[in-house]
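Residue numbers (full-length UniProt numbering): 1 to 107. Note that beta-carbon positions come from the ideal geometry of N, C-alpha and C, so glycine has one too. Bear in mind that the values here come from a model prediction, so they are computed numbers and not experimental data. The structure under discussion appears below in the form of structure tokens.
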């Protein structure tokens, strides 16, 4: 799912950088060392991200954040993303059904 940047605090970059520093640039799930800023891309290290445990970008309390490598972050979000896709599909179907019903009534 794409980031909804408008939901993140203005100082998100600083918050995320601090979290990554506190984690020693290691994934807090699998322990793999991740790439630091400015490190060459050919180091074969993963990118470190910051995950919101409750999936709420506005909640940047330390207890709601964890530094995860990209693969671990994807795994952590898997169920949430599946639920979001399902909800959006259902909303789309309802929307299309409403328009179809309105078109039927108009004809």
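Residue 65 sits away from residue 76, with the two beta carbons spaced by 8 Å or more. The way I'd put it, the region 78 to 86 doesn't touch the region 13 to 30; fewer than three beta-carbon pairs between them come closer than 8 Å. Under the three-state reduction of DSSP output, residue 51 falls in the strand class. With respect to the C-alpha of residue 34, the residue from 101, 58, 47, 90 having the closest C-alpha is 47.
Taking C-beta atoms as the reference points, residue 73 and residue 49 count as a pair closer than 8 Å. Counted as a single uninterrupted DSSP element, the stretch harbouring residue 23 is not any beta strand (DSSP E), since DSSP gives it neither H nor E. In the same chain as residue 32, and ignoring 5 residues on each side of it, the C-beta atoms closer than 7 Å to its own belong to 26, 46, 69, in chain order.
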